[in-house]
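A.B. asks: Dropping the structure in here first, questions after.
Protein chains: 2
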Amino acid sequence: MGDSTITKVYLDNAATTPLLPEVLEAMLPYFGEAFGNPSCLHDWGDRAREAIDAARDQVAQLIGAAPEEIMFTGSGTESNNLAIKGLALAQQNKGKHVVTSAIEHFSVLHSARTLEKWGFELTEVPVDRYGVVDPEDVRRSIRKDTVLVSVMHANSEVGTIEPIAEIARVTREKGVVFHTDAVATAGTIPVDVRELGVDSLSLAGNQFYGPKGVGALWVRKGVRLIPLLDGGVQEGGRRAGTENVPGIVGLGKAAELAARHMVTRIEHVNHLRDRLLIELPARVERMVVTGHTEHRLPGNASFCVEFIEGESVLMMLNSRGIAVTSGSACTSKALKASHVLLAMGLPHELAQGSILFSVGIANTDEEIDYVVDAMPSIVDRLRQMSPLYSKFTRTSKGGKHAGL
Amino acid sequence: MGDSTITKVYLDNAATTPLLPEVLEAMLPYFGEAFGNPSCLHDWGDRAREAIDAARDQVAQLIGAAPEEIMFTGSGTESNNLAIKGLALAQQNKGKHVVTSAIEHFSVLHSARTLEKWGFELTEVPVDRYGVVDPEDVRRSIRKDTVLVSVMHANSEVGTIEPIAEIARVTREKGVVFHTDAVATAGTIPVDVRELGVDSLSLAGNQFYGPKGVGALWVRKGVRLIPLLDGGVQEGGRRAGTENVPGIVGLGKAAELAARHMVTRIEHVNHLRDRLLIELPARVERMVVTGHTEHRLPGNASFCVEFIEGESVLMMLNSRGIAVTSGSACTSKALKASHVLLAMGLPHELAQGSILFSVGIANTDEEIDYVVDAMPSIVDRLRQMSPLYSKFTRTSKGGKHAGL
Chain A
-2 MGDSTITKVY LDNAATTPLL PEVLEAMLPY FGEAFGNPSC LHDWGDRARE AIDAARDQVA
58 QLIGAAPEEI MFTGSGTESN NLAIKGLALA QQNKGKHVVT SAIEHFSVLH SARTLEKWGF
118 ELTEVPVDRY GVVDPEDVRR SIRKDTVLVS VMHANSEVGT IEPIAEIARV TREKGVVFHT
178 DAVATAGTIP VDVRELGVDS LSLAGNQFYG PKGVGALWVR KGVRLIPLLD GGVQEGGRRA
238 GTENVPGIVG LGKAAELAAR HMVTRIEHVN HLRDRLLIEL PARVERMVVT GHTEHRLPGN
298 ASFCVEFIEG ESVLMMLNSR GIAVTSGSAC TSKALKASHV LLAMGLPHEL AQGSILFSVG
358 IANTDEEIDY VVDAMPSIVD RLRQMSPLYS KFTRTSKGGK HAGL
Chain B
-2 MGDSTITKVY LDNAATTPLL PEVLEAMLPY FGEAFGNPSC LHDWGDRARE AIDAARDQVA
58 QLIGAAPEEI MFTGSGTESN NLAIKGLALA QQNKGKHVVT SAIEHFSVLH SARTLEKWGF
118 ELTEVPVDRY GVVDPEDVRR SIRKDTVLVS VMHANSEVGT IEPIAEIARV TREKGVVFHT
178 DAVATAGTIP VDVRELGVDS LSLAGNQFYG PKGVGALWVR KGVRLIPLLD GGVQEGGRRA
238 GTENVPGIVG LGKAAELAAR HMVTRIEHVN HLRDRLLIEL PARVERMVVT GHTEHRLPGN
298 ASFCVEFIEG ESVLMMLNSR GIAVTSGSAC TSKALKASHV LLAMGLPHEL AQGSILFSVG
358 IANTDEEIDY VVDAMPSIVD RLRQMSPLYS KFTRTSKGGK HAGL
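Heads up: the sequence lines are chains A and B, in that order.
Residues in the first sequence are numbered consecutively from -2, following this note's numbering.
Residues in the second sequence are numbered consecutively from -2, following this note's numbering.
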C-alpha cells in the first residue's frame, strides 16, 4: 500500500449515503423553472404535482405498494413518529398497549415513550445475542388491549435482519396493526410490503443515495392514522405542509435506481463487507463481530473492540481520513453504550468498544485494503494508553464473535 | 401590447417563490462531496455541522434572534404545529386555554383544533373588515387558564399586517406565551423578534426565494416546548431526524440575501403591486380590493370579483399563462370560500370571487401590463356565463373596496 493515493474513505453509509449524480440531475429542474407549489391549480402547480405523482409511483414500485398508500414526509424519523403515534392514537378506543423490540431506532422507541406519557403501556420484547427478535416473544407480548406492534426490518447498528414475515403472521392472527421501520432496508435489500405482511412501513431517501430531508411512510389502505402535522390537505390530509418537491423527486429517482441496480449493488457491498468481517478480526486481537452472521444487511461490518472506546477508534480512523460510526449516528455525540448492544446482552465495557464500518456502492477494494492496514496499529496505540488492556493481558481468552 | 413576447407570468409568490440561483449555488456542495450527516463525529459530519451552524447564524440575523434559539424544521406548517402543540402541551399543568385569531393559517387553526381534542379550549378572536385583530379583543379573550396566544404577523391571502407588538404588550402584561406565524413576513418585511416582543415565531424558506422542505421556528430562550418528533438529539433534542443539510444551507443563504436586499425588493414589488391595486379595479367593474390598504404585505394584491367564482378567473388567467391563486394555496383545491374573507365579514358570494395576485422580485412592469390588459375581457366573458350577473345588472351599486 506504499504507493496508495487514498486519503479519504467514507465507510459511514449507515449514517447517510452520498447523493447519486443522476438523482441530483432529476431534482434540478424543480429547483429551477419547475418551482411551483403542487397545491396550486395553474400550470406551475400542475407540473409540480405531476412530479410528485411520478415519484409516488417510483417509491410504491420499490416496495410493492399502491401509489395512493405512500405518504411523503421530511425524514425516516418523521415517518416513524407518524406511524407509532398516528397508528396508536387512531386506535386508542380499542386499547392502549403497544409492543416494540428493545433494539428499535430512537425515533420508534422515543415515540413509544411519548405514548406512555399519553397513558399507553409499552412492552419491549427482547432480542437474542445476535439481535434477533423471536416471533413467539411478540406473540406472548400481545394482550387484548394491544393496538400496535413495531419491529424494525433491520438494525443498522449491527446489521441484523429481523423475521418480519413471521412476526406479521403473529400480528395478523392476533388482529394487531404491525409497523416496521425499514429505513435500513428499503432501497438496500428487496422489500415487498405484501410479502412482509406488515400494515405500515417507513423509509428514508438518504439511506439509498437519495436526498436528506425526505422520507416516506407506507400505510396499508384502510388502516387509520391520526396526522402529526395539521394544516392543509396535502398527502391526502395526512401530512400538511408545502411538499418538498425536489426532495420527493430525488427520493423517487433514488428508489427507481435502487430497484434497478439492487442485485449488483448487494454483490458489490457484500464482497467488501465480507472482507472487513473476515480480515479485521484476523488482524486485530480481541475484535469481535456483532450482529447476525447470515441475516445481515449487505454493507454492515460491525464490531466491538475490547478494552478501548469505540469513540477513540473513530477519532483515530478519522485522522487517517476514514469515516466510521461508533453507535448510531443519532446518538454518537452522547458517548453512551448502545442500547442495541446492551439489549443483545453484551457487557457494558465491550459495548463501549463498538465500531461500525458501513460499506456503500462507491467503496472499492483499495479502500478496504487501506482500512484493514490502518486498523491494527490504531488499536495497538489505543491499547497502550488503556488501563483496561494491561488487566486484559493477564486474563485473556479467545473468541471471534461477540455472541460466542 | 401587440408586440409583447410575454407568455408566462408568475403572480403566485404567496404560494411559493422561485429559488434564487445564488441559493441553489450555495446548496449544491451539500448535494455533492459535503454530503455528511451532521451528527457524525468525523470530518464529513463536521463539515455538515458547520454548514448548519452558519445557516443558523444567518436565519438568526434575519429576525434579530440568538442562533441557539433557532430550530430548523421541514416546513412553515411543521413550525406552526410544533409551536402551537409544543408550547401548549409544555404548559398544560398551568391551564388548557389557547387563543388564536380567526384568520390564521390552517397549520395554526387545525393544530389548535387538535388541542381541543386533547382537552384544551380554544377562543378565536375576530378581525375587522380589513382583517385586523384588535389587541383589546386579545386582552378580553385571555383567561386565568390561558397558556398560549397565536396571532399571525401577516395574512398572505389579503396581505393585512397585524399589530403584533401591541398584542405582545398585552400578552406580556398577562404573562401568556405569544406565538406569531411569520411565514408571510420573515424575509419579506423587517422582522425583529425583540421589537415584536413575541415568544415564538415561525418562518419558511420557500416564502423568500429559498428552498421548499425547510422552515424554522424561533423560540425565546427559557420558553419550554414539547417536541413533535422524537428520536435523536438533533436541534437540541427538540426536533429529531437527520437534518436536511442542503435545505438548511439554502434557507440560510436566502435569509442572508433577504436581509441584504430587503429595501430594494420591497420598493420593487410595492410598485408593481400598487399598479395592480389601482389599475385593475379601474378597468374591471365590481372588482374590489380586500385587506388593509396601508398595513399590507408588499407583494399582495388581493381582490374579490363580484358575481363570478375566483376559481374560474384563475383558470382563465392560467390559459393566458398567468399564475394566481383563489384562496390560499393549501385550500385552493377545496373550492370553498376562504375562512379569512368570511371572518372579515365578506358575504359568501363575494368571498367566492376572491383572487390573489402576489408579486415577487422577478416580476416586471411589462408583466403587469399584460395582466392588466388580460383581466377585463376575462371577467367579461365569465360574467356573460354567470346567472348571478344578470341579477346584478338590475341591482348595481358602487364601491371599490370590499371594506366599504
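Beta carbons are placed, not taken as given, at the ideal position from N, Cα and C, and that holds for glycine.
Rounding to the nearest angstrom, what Cα-Cα distance links GLU133 of chain A and LEU347 of chain A in this structure?
C.D. replies: Spanning the two alpha carbons is a distance of roughly 29 angstroms.
A.B. asks: Can you have a look at ALA63 of chain B and say buried or exposed, based on whether 16 or more other CB atoms are within 10 angstroms of its CB?
C.D. replies: exposed
A.B. asks: Determine, for ILE3 of chain A, whether the minimum Cβ-Cβ distance to residues of chain B falls below 8 angstroms.
C.D. replies: no
A.B. asks: With a threshold of 7 angstroms on Cβ separation, who are the neighbours of GLU75 of chain A within its own chain once the five nearest residues in sequence on each side are excluded?
C.D. replies: GLY212
A.B. asks: Strictly below 7 angstroms CB to CB, what residues from chain A border PHE300 of chain B?
C.D. replies: The premise fails here: PHE300 of chain B is roughly 17 angstroms from chain A at the closest Cβ pair, so nothing lies under 7 angstroms.
A.B. asks: According to DSSP, is ASP412 of chain A part of a helix, a strand, or is it coil?
C.D. replies: Any question about residue 412 of chain A goes unanswered here, given that chain A covers just -2 to 401.
A.B. asks: Classify GLY212 of chain A as helix, strand or coil using the three-state DSSP reduction.
C.D. replies: strand
A.B. asks: Is it buried or exposed, GLY296 of chain B, if we count other Cβ atoms within 10 angstroms and call 16 or more buried?
C.D. replies: buried
A.B. asks: What do you reckon, is the C-beta of GLU306 of chain B under 7 angstroms from a heavy atom of the ligand FAD?
C.D. replies: Among the components of this structure there are no ligands whatsoever, and the ligand FAD is therefore not found.
A.B. asks: If you measure from the beta carbon of ASN34 of chain A to each beta carbon in chain B, is any gap under 8 angstroms?
C.D. replies: yes
A.B. asks: List the residues of chain B whose Cβ lies closer than 7 angstroms to the Cβ of VAL242 of chain A, in chain order.
C.D. replies: LYS209
A.B. asks: Could you tell me the alpha carbon to alpha carbon distance between ASP43 of chain A and GLY210 of chain B, rounded to whole angstroms?
C.D. replies: 18 angstroms
A.B. asks: Would you identify the three-state DSSP class for ALA326 of chain A, choosing helix, strand or coil?
C.D. replies: With a pLDDT of only 48 at ALA326 of chain A, under the threshold of 50, the placement of this residue in the model should not be trusted; the figure read from the coordinates follows. In the structure shown, ALA326 of chain A sits in coil (DSSP, three-state: anything other than H, G, I, E or B).
A.B. asks: Within 8 angstroms (strictly less), CB to CB, does PHE354 of chain A reach chain B?
C.D. replies: no
A.B. asks: Please return the same chain residues whose Cβ sits closer than 8 angstroms to the Cβ of GLU253 of chain B, not counting the five positions on each side in sequence.
C.D. replies: GLN55, GLN58, LEU59
A.B. asks: For ASP9 of chain A, which residues in chain B fall below 9 angstroms Cβ to Cβ?
C.D. replies: GLY33, ASN34, CYS37, HIS39, TRP41, GLY42
A.B. asks: Note down, in chain order, every chain A residue with its Cβ under 7 angstroms from the Cβ of LEU21 of chain B.
C.D. replies: Per Cβ cutoff of 7 angstroms: PHE28.
A.B. asks: Thinking C-beta only, is VAL144 of chain B closer than 8 angstroms to GLY92 of chain B?
C.D. replies: yes
A.B. asks: Apply the 10 Å Cβ neighbour rule to TRP41 of chain A and answer buried if 16 or more other Cβ atoms are within range, or exposed otherwise.
C.D. replies: buried
A.B. asks: Would you please state the rounded distance, in angstroms, between the beta carbons of VAL188 of chain B and ALA179 of chain B? I believe it to be under 8 angstroms.
C.D. replies: 6 angstroms
A.B. asks: Should the segment 180 to 199 of chain A be regarded as contacting the segment 23 to 30 of chain A, the criterion being three or more beta carbon pairs within less than 8 angstroms?
C.D. replies: no
A.B. asks: Output, in sequence order along the chain, the residues in the segment 102 to 113 of chain A whose CB is closer than 9 angstroms to any CB in chain B.
C.D. replies: HIS102, PHE103, SER104, VAL105, LEU106, HIS107, SER108, ALA109, ARG110, THR111
A.B. asks: Using DSSP's beta-bridge definition, name the partner residues of LEU79 of chain B.
C.D. replies: Answer by DSSP bridge pairing: none, since LEU79 of chain B is not bridged.
A.B. asks: In terms of DSSP beta bridges, what is HIS176 of chain B paired with?
C.D. replies: Note: HIS176 of chain B sits in a beta bridge opposite B:SER147, B:SER197.
A.B. asks: Does the distance from the CB of GLU232 of chain B to the CB of MET68 of chain B come in under 8 angstroms?
C.D. replies: yes
A.B. asks: Consider the Cβ of THR361 of chain A: report whether some Cβ of chain B lies at a distance smaller than 8 angstroms.
C.D. replies: For THR361 of chain A, no Cβ of chain B is located within less than 8 angstroms of the residue's own Cβ.
A.B. asks: Name, please, each residue of chain A whose Cβ falls closer than 8 angstroms to the Cβ of GLY288 of chain B.
C.D. replies: In chain order: nothing, as chain A lies at least about 20 angstroms away.
A.B. asks: Within a Cβ cutoff of 6 angstroms, which residues of the same chain sit near PRO243 of chain A, ignoring the five residues on either side of it in sequence?
C.D. replies: MET24, TYR27, PHE28
A.B. asks: Can the beta-carbon of HIS39 of chain A be found less than 8 angstroms from the beta-carbon of ASP9 of chain B?
C.D. replies: yes
A.B. asks: By the three-class DSSP mapping on this structure, what secondary structure does ARG191 of chain B have?
C.D. replies: Under the three-state reduction of DSSP output, ARG191 of chain B falls in the helix class.
A.B. asks: Helix, strand or coil for THR261 of chain A, going by three-state DSSP, please let me know.
C.D. replies: Correct three-state label for THR261 of chain A: helix.
A.B. asks: Can you tell me whether TRP115 of chain B is buried or exposed, with buried defined as 16 or more other CB within 10 angstroms of its CB?
C.D. replies: exposed
A.B. asks: In the DSSP assignment, find the beta strand (DSSP E) that holds PRO67 of chain A and state where it starts and stops.
C.D. replies: A small correction: the amino acid at residue 67 of chain A is Ile; Pro does not occupy that position in the sequence shown. Looking at the DSSP string, the run of the beta strand (DSSP E) that includes ILE67 of chain A is 67 to 70.
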